[in-house]
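What follows is one structure encoded as structure tokens, with my remarks underneath.
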Amino acid sequence: MMVLYSDETCPFAQRCRLVLFEKGMDFEIRYVDLFNKPEDISIMNPYGQVPILVERELILYESNIINEYIDERFPHPQLMPADPLMRARARLMLFNFERELFIHVQTIENDKSDASNNKQLEKARAEIRDRLATLAPLFIKNKYMLGEEFSMLDVAIAPLLWRLDHYGIEMSKIAAPLLKYAERIFSRPAYIEALTPSEKVMRR
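Just so we're on the same page, the numbering used here is the position in the sequence shown counted from 1, plus 357.
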């Protein structure tokens, strides 16, 4: 059985929980207190972070790598495109999400308890808001990121969209299609199942 080491509030671990629930498979989630983490976390992941996936002799970390492994191991429903060209484009978009969005998410996650970093936090919020606004027109016609089918791209961005209020990011009216798209993700049964109690209270 797969074991996912997760945190109650980590947006990256939430991605992996969502994929596991979407697949409807047998798995175990072990929650870790990152402020008082067991020694074996740093043995399994030299960076001392979650998520970590363990299956028999295999140990994986980094959410996108974990999720692609799960998708290939349990291909129904398939979350990465079957076509090699589309799959390569999806991987490029996932890479761009990390560089253009989630690098700023990490700034907020790391600095939100430090009031002296207000300028850095405001810059991170503005970068996220502006980048998300550029995605909004995509959802005037598209149900999900790649069209009609829910995919790994939707998995990747969902934890950020859930945390907009929590991070103090206010979207403008032009982002309305993006916010409607977010609600479609949030209404999925697997999304609801994957939420922890701590995540549920992040959103009004």
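By construction, the Cβ of each residue, glycine as well, lies at the ideal position given by its N, Cα and C atoms.
Remember, it's a predicted structure, so these values are computed and weren't measured experimentally.
The closest CA to that of Leu535, considering only Arg545, Leu521 and Leu478, is found on Leu521. In the structure shown, Val411 adopts extended strand secondary structure according to DSSP, grouped into three states. Nearest in C-alpha terms to Lys380, of all of Phe452, Asn424, Ile400 and Phe392, is Asn424.
For Tyr426, no beta strand (DSSP E) run applies; the uninterrupted alpha helix (DSSP H) run containing it begins and ends at Ser420 to Arg430, by DSSP. Inclusion of Ile422 and His461 in the CB contact set at 9 Å is not warranted, their separation being larger than that value. In the DSSP assignment, Arg520 is bridged to no other residue. One thing to note: Gln371 has its Cβ no nearer than 9 Å to the Cβ of Leu391. Around the Cβ of Glu556, a 10 Å sphere holds 16 or more other Cβ atoms; the residue is buried. Contact check for Gln477 and Thr464: beta-carbon distance about 6 Å, within the 8 Å limit, so the pair qualifies. In the DSSP annotation of this structure, the continuous segment of the alpha helix (DSSP H) that includes Ser399 starts and ends at Glu396 to Met401. Per DSSP, reduced to three states, the secondary structure at Phe543 is helical. Each residue's CA atom was taken as its position, placing Glu414 and Met358 some 11 Å apart. Annotation: the continuous beta strand (DSSP E) that includes Arg387 extends over Phe384 to Tyr388. Closest option to Ile542, judged by alpha-carbon separation, among Ala513, Ile416 and Lys530: Ala513.
Membership of Ser555 in the alpha helix (DSSP H) is indicated by the continuous run Pro554 to Lys557.
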